[in-house]
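Residue numbers (my numbering), protein chains in the order written: chain V, 193 to 445; chain S, 16 to 344. The structure appears below as structure tokens.
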Amino acid sequence: MLLEINGLTKYFGGLAAVRDFDMHIDEGELLGLIGPNGAGKTTIFNLTTGIYGPTKGKIAFDGKDIVGKKSHEIARLGIGRTFQLNPLFGNFTVLQNVSTSFHLHPRSSLLDIYFNTANYRRNEAYISEQSLEILKLVGLDKVKDELAKNLPHGYQKMLGIARALAVKPKLLLLDEPIAGMNPSEIDFTLTAIRKMQQQGITILLVEHNMKILDLCERVVVIDFGQKIAEGSPKDVRENKEVIRAYFGGERVA
Amino acid sequence: MNRRLSTRGRRELTKPAVYAGLVVIVALLPLFFGSPYIQHMLILTFIYIIAAVSFRTIVISGQFPLAHAAFMGIGAYLAAMASKWLGLSPWITIPLSALVTAGIGMLIGYPFSRLRALYYAMGSLFFGIGVIQIIYAGGSWTGGYSGLTGIPALLPGTISKIPYYYFFLGLALVSIIALYRIEFSRIGTNLKAIAQSHVVASSVGINESGYRILAVGVGCFFVGLAGAGYTHYNMVLSCSSFNFMATLWLVMYVLIGGINSFAGPIIGTIILIIIPEFFRDLKMFSPFVTAAILGIVVYLMPQGLVSLPQMVRSRLTERRNTKKVSHAS
Ligand SMILES: Nc1ncnc2c1ncn2[C@@H]1O[C@H](COP(=O)(O)OP(=O)(O)OP(=O)(O)O)[C@@H](O)[C@H]1O
Ligand SMILES: [Mg+2]
Chain V
193 MLLEINGLTK YFGGLAAVRD FDMHIDEGEL LGLIGPNGAG KTTIFNLTTG
243 IYGPTKGKIA FDGKDIVGKK SHEIARLGIG RTFQLNPLFG NFTVLQNVST
293 SFHLHPRSSL LDIYFNTANY RRNEAYISEQ SLEILKLVGL DKVKDELAKN
343 LPHGYQKMLG IARALAVKPK LLLLDEPIAG MNPSEIDFTL TAIRKMQQQG
393 ITILLVEHNM KILDLCERVV VIDFGQKIAE GSPKDVRENK EVIRAYFGGE
443 RVA
Chain S
16 MNRRLSTRGR RELTKPAVYA GLVVIVALLP LFFGSPYIQH MLILTFIYII
66 AAVSFRTIVI SGQFPLAHAA FMGIGAYLAA MASKWLGLSP WITIPLSALV
116 TAGIGMLIGY PFSRLRALYY AMGSLFFGIG VIQIIYAGGS WTGGYSGLTG
166 IPALLPGTIS KIPYYYFFLG LALVSIIALY RIEFSRIGTN LKAIAQSHVV
216 ASSVGINESG YRILAVGVGC FFVGLAGAGY THYNMVLSCS SFNFMATLWL
266 VMYVLIGGIN SFAGPIIGTI ILIIIPEFFR DLKMFSPFVT AAILGIVVYL
316 MPQGLVSLPQ MVRSRLTERR NTKKVSHAS
């Protein structure tokens, strides 16, 4: 088990955004986490990546307890993520966004950096090469010198994924990667996600769009902070609770 | 497109030559300006360039401290007291005070690294005011309200200002190069990344508070160096040189020169120390003059004075192009 969440609870004031939530992800898996607006999906991401601490509950990554760790420490352990509203380093170029995100692998010491040692230059050369490779994977190599803030929305979304890949994650958390994309961008993104999985990255995909379901082997459904269903896409689609949560009784298309 | 690339390439090659030329010109200035007063103003310019450039190093990490002159004061008073009361040589007190100032900055920076924007500015502002209060309260140790006199000189036995001129030119160059290397390495990139989005920066493993504290430490080291150097040149210290107003002047140097560019604070310091010299009879109006300059600069050149050449160039090509168009029609 790569990630194991047990009894996770998070209160914002009196509101329980996540309540007694259990979930696990196996190595190499592509797991879907779906649920209607405000269900608590993003909150689970933020708890897992140390943006804030849980009110209660356990989160273990690779067998290690990660509750209480800071975001950058969790990134170091091998969890990469994107953000729903997709903030970027807007005044950096596309390439700089990715190369800056190669903060960890390889990592140069402050002294190496400051004195521009052979080791640092070797690392930077490697990083430029790897950054270009990632940009090719997400189809942004042609716009590598554009400022990130000038990119169209779909490209910015892909840049968010590219940046998360630079962390060389064992586990990649994607928060609504296809939201706001046009159909051809969606196809491209789904293909890219599949490729990442083939390269051995475990992926947790958040969507409240049920269309993405078929990409996943297993899906967890959350509503009002609680897990209401879990299973194959087909099972989940036919689950009464899920149908009620989404459509108030109608069948899921 | 091709042509633009080649001119850019040529510019990259000529850059070091231009900088070297500028340094030579500055080094030759005392030959043309024999007046000790002018030499004194140029020495102060070097000192404040170090302060302004080091201020910007903190700013690029997304923090806007309003205590930079207070840290200059910490460096200045530490050096003065260490040499006057402990008998240490200025050659020791200058680097030592810079290090201690950096240490104090980092200690203060640690709790501050959690504050943002206005809270950070206000917190640091009151810290700066507190520093001045402590110096006032220091009695005979710090000289209190009347200030400290009889501080050992860095270069005893020279009446001429010229040796000091070259010492501070050298100190400014070393500081500028050191800070330039930080800004244009991965360290500077990380600082700028944190400023743009600390959440994203943390998510890729950049230790946000660590880097913010580092920026404060580096900025305080160099402003402490400037303060300590000033001490052993001026040999007299007064608390009011490091008060909130002095911090605001540093902010103005950076804003007018251009906060988004490394050269900005250098240009801003030169302009703002030299222009008021032409209006010395109107000294009481200098805050108004400064405000007016800021207004004009921001209106004409939002990127600060550094963008002046670029603005002129684009205006010229614009005019040339409109001429071409009118010829064609
Ligand atoms: N920082 C916060 N402070 C207070 N309340 C919050 C905070 N973050 C989320 N919430 C609340 O917690 C609940 C769950 O929000 P969350 O963003 O996790 O939902 P989501 O499933 O990601 O929804 P969406 O599909 O709209 O992105 C919502 O009611 C939200 O208003
Ligand atoms: Mg969400």
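Here a beta-carbon is modelled for each residue, glycine too, at the ideal position from N, C-alpha and C. Just so we're clear, the structure is a prediction, and the values are computed from it rather than from any experiment.
Where Asn-374(V) meets chain S, residues with beta-carbon distance less than 8 Å: Under the 8 Å cutoff, chain S gives no residues; its nearest Cβ is about 24 Å from Asn-374(V).
Ligand 1 heavy atoms versus the CB of Leu-170(S): any closer than 8 Å? Taking 8 Å as the cut-off, one finds no heavy atom of ligand 1 near enough to the beta carbon of Leu-170(S).
My understanding is that Gly-345(S) touches Val-312(S), with C-beta atoms under 8 Å, so please give their C-beta distance in whole angstroms. Past the edges of chain S, shown from 16 to 344, lies residue 345(S), and the structure says nothing about it.
Reduced DSSP category for Glu-442(V) - H, G, I as helix; E, B as strand; rest coil: Its pLDDT being 49, under 50, Glu-442(V) is placed unreliably by the model, and nothing is read from it.
Could you name the residues, in chain order, whose CB is less than 5 Å away from a heavy atom belonging to ligand 1? With the criterion CB distance below 5 Å from any heavy atom of ligand 1, the matching residues run Phe-204(V), Ala-209(V), Asn-229(V), Gly-230(V), Ala-231(V), Gly-232(V), Lys-233(V), Thr-234(V), Thr-235(V), His-400(V) along the chain.
Name the residue from Ala-208(V), Lys-233(V), Leu-207(V) whose alpha carbon lies nearest to the alpha carbon of Asp-367(V). When each option's Cα is compared against that of Asp-367(V), the closest is Lys-233(V).
I need the boundaries of the beta strand (DSSP E) containing Asp-214(V), first residue and last residue. Counting along the chain, Asp-214(V) sits inside the beta strand (DSSP E) bounded by residues 207-217.
Between which two residues does the alpha helix (DSSP H) containing Val-189(S) stretch? Val-189(S) -> alpha helix (DSSP H) spans 177-198.
When you compare the stretch 229-242 of chain S with the stretch 83-96 of chain S, are there three or more beta-carbon pairs, one atom per stretch, that lie closer than 8 Å? Contact between the stretch 229-242 of chain S and the stretch 83-96 of chain S is present: three or more C-beta pairs spanning the two stretches fall below 8 Å.
Using the C-alpha atoms, what's the distance from Phe-237(V) back to Cys-235(S)? If I take the Cα positions, the gap works out to 37 Å.
Contact under 9 Å by Cβ, Thr-72(S) with Glu-198(S): Yes, Cβ-Cβ distance for Thr-72(S) and Glu-198(S) is below 9 Å.
Which residues in the same chain as Ile-285(S) place their Cβ atom closer than 7 Å to its Cβ, once the five residues preceding and following it in sequence are excluded? Thr-60, listed in sequence order.
Determine the extent of the alpha helix (DSSP H) in which Ile-282(S) is found, giving its start and end residues. Residues 279-293.
What residue range is occupied by the uninterrupted beta strand (DSSP E) comprising Thr-394(V)? Its beta strand (DSSP E) spans residues 394-399.
Hey, does Glu-333(S) have any beta-carbon neighbour from chain V nearer than 9 Å? Answer no: the Cβ-Cβ gap between Glu-333(S) and chain V never drops below 9 Å.
Kindly say whether Glu-316(V), judged by its beta-carbon, lies nearer than 9 Å to any beta-carbon of chain S. Yes, contact with chain S.
Pick from Ser-256(S), Ala-210(S), Pro-280(S) that is closest to Ser-76(S), judged by C-alpha positions: Closest by C-alpha distance to Ser-76(S), out of Ser-256(S), Ala-210(S), Pro-280(S), is Ala-210(S).
Counting only the same chain and skipping the five closest in sequence on each side, list residues whose C-beta sits under 7 Å from that of Ala-261(S). For Ala-261(S), the CB contacts under 7 Å within the same chain, skipping 5 residues up- and downstream, are Ala-84 in chain order.
Work out the CA separation of Ala-231(V) and Ile-414(V) for me, nearest whole Å. Approximately 6 Å, taken between the alpha carbons.
Within 9 Å (strictly less), CB to CB, does Phe-259(S) reach chain V? The beta carbon of Phe-259(S) sits no closer than 9 Å to any beta carbon of chain V.
Per DSSP, Ala-421(V) is paired with what? As a beta-bridge residue in DSSP terms, Ala-421(V) pairs with Val-413(V).
Closest Cβ-Cβ distance between Ala-216(S) and chain V: below 9 Å? Closer than 9 Å to some Cβ of chain V, the Cβ of Ala-216(S) qualifies, so yes.
Report yes or no: is there a C-beta of chain V within less than 9 Å of the C-beta of Val-231(S)? Under the 9 Å criterion on CB atoms, Val-231(S) is classed as non-interfacial with respect to chain V.
By the three-class DSSP mapping on this structure, what secondary structure does Val-251(S) have? In this structure, Val-251(S) counts as coil in the three-state DSSP scheme.
Through-space distance from Gly-225(S) to Val-219(S), alpha-carbon basis: Cα to Cα, Val-219(S) sits roughly 14 Å from Gly-225(S).
Just the Cα atoms here: how many angstroms apart are Glu-442(V) and Glu-430(V)? Summary for Glu-442(V): the model assigns pLDDT 49, below 50, so the residue's position carries little reliability, and this model does not support an answer.
Is it buried or exposed for His-247(S), if we count other Cβ within 10 angstroms and need 16 for buried? With 16 or more Cβ atoms within 10 Å of its Cβ, His-247(S) is classed as buried.
If we count the other Cβ atoms within 10 Å of its Cβ and call it buried at 16 or more, is Ser-112(S) buried or exposed? Around the beta-carbon of Ser-112(S), 16 or more other beta-carbon atoms lie within 10 Å, marking it buried.
One or two residues paired with Asp-257(V) in a DSSP bridge: Under DSSP, Asp-257(V) shares a beta bridge with Ala-252(V).
Grab me the residues of Ser-253(S)'s own chain with a C-beta within less than 7 Å of its C-beta, minus the 5 sequence neighbours each way, in chain order. The beta carbon of Ser-253(S) is closer than 7 Å to those of Gly-162 in its chain, skipping five residues each way along the sequence.
Along chain V, which residues have their Cβ under 9 Å away from the Cβ of Val-219(S)? Simply His-264, Ala-267, Gly-272, Thr-292, Ser-293, Phe-294, His-295, Leu-296, Arg-355, Ala-356, Ala-358, Val-359.
Name, in chain order, the residues that DSSP records as bridge partners for Gly-272(V). Beta-bridge partners of Gly-272(V) (DSSP): Leu-364(V).
Residues near Ala-267(V) in its chain [Cβ-Cβ closer than 6 Å; skip 5 each side]: Excluding positions up to five away in sequence, the list reads Val-359.
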